[in-house]
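Take a look at the structure below.
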Amino acid sequence: DQQVKQNSPSLSVQEGRISILNCDYTNSMFDYFLWYKKYPAEGPTFLISISSIKDKNEDGRFTVFLNKSAKHLSLHIVPSQPGDSAVYFCAASDYNNNDMRFGAGTRLTVKP
Amino acid sequence: DVKVTQSSRYLVKRTGEKVFLECVQDMDHENMFWYRQDPGLGLRLIYFSYDVKMKEKGDIPEGYSVSREKKERFSLILESASTNQTSMYLCASSHRGMGQGTQYFGPGTRLLVL
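Protein chains in written order, with the numbering used here: chain A, 1 to 112; chain B, 113 to 226.
The structure is reproduced here in structure tokens:
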């Protein structure tokens, strides 16, 4: 039972445009959400997070939006750069638990 | 900077062999995790540990065991390797506590079981 779902396995955007990666979750106990970025042959690296008391968190070109009623979050990258090409994993956990669940990942390709 | 290291980047083993994957973190994190990553399935949790000598099963513990004798070290053991355990194995660590769940990952071990 996959509690965190990324329904788009891949996304291709032009350099300079916006990339929007989506994630849905089913467990209403989740209240801490993260995005990780993974290059080939490397471990995932933390990108940005958001807790359920917020609906938006911004860090430079990266913004995460959370819609708790829809159990949906998204990652916006503006402007997209070729170096952003990677697999992006959405993750969620209970704020106390630290037991995290990951989505299947979305492969982002940013074309020059 | 948090550093999580894994004993091998690539490993080739034969069916039936006992396999040890080791993970070391240098940030005094309480929690440590083992995942496997497979195409289309993302990261699936095998086992995690929230303290020395403590372990909890994740989503797919069958065929695996773990050992945590020291805080900084978490070992994953494949008792009798099988071809369906060919995968990328990722270790992670994090602090325990409210809102401190950000996990830091090692580079991964790509295991091929022949």
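Yeah, the Cβ is synthetic: ideal placement off N, Cα and C, and Gly gets one too.
Chain B has a Cβ within less than 7 Å of the Cβ of Glu42 (chain A).
The secondary-structure analysis by DSSP pairs Val64 (chain A) across a beta bridge with A:Asn57 and A:Leu75.
When A:Glu42, A:Gly16 and A:Phe46 are compared, the shortest CA-CA separation from Gln81 (chain A) is found for A:Gly16.
Annotation for Arg208 (chain B): Glu142, Asn143 and Tyr162 place their beta carbon closer than 7 Å to its own, counting only its chain and skipping 5 residues before and after. Residues of chain B with a Cβ closer than 7 Å to the Cβ of Ser49 (chain A) are, in chain order, Thr214.
Arg126 (chain B) counts as exposed, since fewer than 16 other beta carbons sit within 10 angstroms of its beta carbon. Beyond the five residues adjoining it in sequence on each side, Phe30 (chain A) comes within less than 6 Å, by CB distance, of Ala92 in the same chain, given in chain order. In the DSSP secondary-structure assignment, Gly154 (chain B) is bridged to B:Asp150. Of all residues in the stretch 23 to 39 of chain A, only Tyr32 and Leu34 place a beta-carbon less than 7 Å from a beta-carbon of chain B. Straight-line measurement puts the Cα of Gln14 (chain A) at about 31 Å from the Cα of Gly218 (chain B).
For a Cβ distance threshold of 7 Å, residue set Gly152, Leu153 and Gly154 of chain B lies close to Ala104 (chain A), ordered along the chain. Out of B:Ala204, B:Ser206 and B:Met200, the CA that lies nearest to the CA of Arg121 (chain B) is found in B:Met200. Neighbourhood of Pro9 (chain A) in chain B, by CB distance below 8 Å: Gly152, in chain order. Residue pairing by DSSP places Glu134 (chain B) opposite B:Ser187 in a beta bridge. Nearest to Gly60 (chain A) by C-alpha distance, out of A:Ser85, A:Val87, A:Ile77 and A:Cys23, is A:Ile77. Sequence-ordered contacts of the stretch 77 to 90 of chain A with chain B read Phe89 [C-beta pairs closer than 8 Å]. For the stretch 47 to 74 of chain A, the beta-carbon criterion of a distance under 9 Å to any beta-carbon of chain B is satisfied by Ser49 and Ser51. Taking every protein chain shown into account, the CB of Gly220 (chain B) has 16 or more other CB atoms within 10 angstroms, so this residue is buried. Taking 7 Å as the threshold, the shortest C-beta distance from Leu202 (chain B) to chain A falls below it. Counted as a single uninterrupted DSSP element, the stretch harbouring Tyr162 (chain B) is not any beta strand (DSSP E), since DSSP gives it neither H nor E. Residues of the stretch 177 to 191 of chain B whose Cβ lies closer than 7 Å to any Cβ of chain A: none. Between Leu75 (chain A) and Leu21 (chain A), the C-beta gap is smaller than 7 Å, which places the two residues in contact.
The contact set of Pro173 (chain B) on chain A, defined by CB atoms closer than 8 Å, is empty, because the minimum CB distance reaches about 13 Å.
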